[in-house]
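In what follows, a structure is listed as structure tokens, so that the remarks can point back to it.
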Ligand code: 3EB
């Protein structure tokens, strides 16, 4: 089980639950807690749950297609966009309604977002790649809300084993201590050139929020280019090097005085692997570099560029 312990819980209640299984389901309130099912697991494999822990009393509810809960410090919110011909408008509307809720409830600082996009490298009805189609609507929503929500946060944009889009995020209060980080080895994603799509992806490489460092999905990209094409071992090393550079003392100096981190400090790690055949190699290398007690899950799904073979996210608590 993956558990995001937001701080040492004095009272153990839940802010949200994401159920990784063979099938997805639209967000609902289950036993008073928002729950989202995401189709990320091969039929025969066991699933798991990603748990967001709350501190103190939780207010949970539904608002249109959104399910959410807030504990006075954080808001968890989930939404599904059903399968459709073109995602742009629905992605913008989903994000727009999420930002409207977050600001109305007093959590305008978006801290970490997960975008699980079915058929991510397939074409939509007008021949545009679904990831690029999705990115247009997402970018439009962020543009609409500039100045009313915090800056663009850490995120993951990844494939699923189903269709449609599943979106969940964590947001914080206006007075949260939030810094968004870029990677010195990578072009900021929101500045990717147009050859990767008409609207660049809306995410930061990491977000530091009240001492927790959220590391975005990170892949074998240097500058804006995929490197080590067709080479899983090489892509994995570049990915790990990218994370090391991102969390190094040198890179964190821009946001805090204290030192940096190493791969051993990561927890709540998700390793996305395109080809099931690459799982043993990826797993054994990850077991070498991550802490023995780090919680790590491996997911066999598509990644947002056809030439990317692996992507890794995590947090430093
Ligand atoms: C990349 O670096 C790899 O669209 O939200 C990583 C993290 C990636 C988030 C997103 C995409 C997203 O471009 C892909």
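Numbering (this note's numbering), first residue to last: 11 to 327. Glycine included, C-beta positions come from ideal geometry on N, C-alpha and C.
- Query: Can you tell which of 163, 189, 71 has the C-alpha that lies nearest to the C-alpha of residue 88?
  - Reply: 71
- Count the other C-beta atoms from every protein chain shown that fall within 10 angstroms of the C-beta of residue 328, then say buried if there are 16 or more, exposed otherwise. What is shown of the chain runs 11 to 327, which leaves residue 328 out entirely.
- Message: Buried or exposed, going by whether 16 or more other CB atoms sit within 10 Å of the CB of residue 223?
- Response: buried
- Have a look at residue 84 and residue 69 and give me their C-alpha separation to the nearest angstrom. 11 Å
- Task: For residue 35, I'd like the list of residues in its chain whose CB is within less than 7 Å of its CB, leaving aside the five on either flank, ordered along the chain.
- Result: 47
- Message: Am I right that residue 337 and residue 95 are in contact with their C-beta atoms under 8 Å? What's the rounded C-beta distance?
- Response: Any answer about residue 337 is impossible in this case: the structure gives the chain only from 11 up to 327.
- Message: Using CA atoms only, rank isn't needed, just tell me which of 193, 78, 171, 92 is closest to residue 117.
- Response: 78
- Task: Please state whether DSSP places residue 127 in a helix, a strand or coil.
- Result: Look at residue 127 here: in three-state DSSP terms it is strand.
- Query: Looking at residue 179 and residue 254, is the spacing between their C-beta atoms short of 8 Å?
  - Reply: no
- Query: Alpha carbon to alpha carbon, how far is residue 162 from residue 151?
  - Reply: 11 Å
- Item | Secondary structure, beta strand (DSSP E): runs of 3+ residues fully inside the stretch 62–101 | Taken in chain order, the complete beta strand (DSSP E) segments of 3 residues or longer contained in the stretch 62–101 are 69–73, 76–80, 84–91.
- Query: Does the beta-carbon of residue 294 have 16 or more other beta-carbons within 10 angstroms, so that it is buried, or is it exposed?
  - Reply: exposed
- Message: Which same chain residues end up closer than 8 Å to residue 337 when comparing Cβ atoms and leaving out the 5 residues on each side of it in sequence?
- Response: No answer is possible for residue 337: it lies beyond the span of the chain, which begins at 11 and ends at 327.
- For residue 355, verify whether its CB is less than 7 Å away from any heavy atom of ligand 1. The question about residue 355 has no answer, for the chain in this structure spans 11 to 327.
- Item | Whole runs of the alpha helix (DSSP H) within the stretch 212–286, excluding any shorter than 4 residues | 242–257, 259–262
- Query: On the three-state DSSP scale, how would you describe residue 103?
  - Reply: helix
- Message: Mapping the DSSP letters down to three states, classify residue 195 as helix, strand or coil.
- Response: coil
- Message: Quick check: what's the CA-CA separation for residue 29 versus residue 66?
- Response: 23 Å
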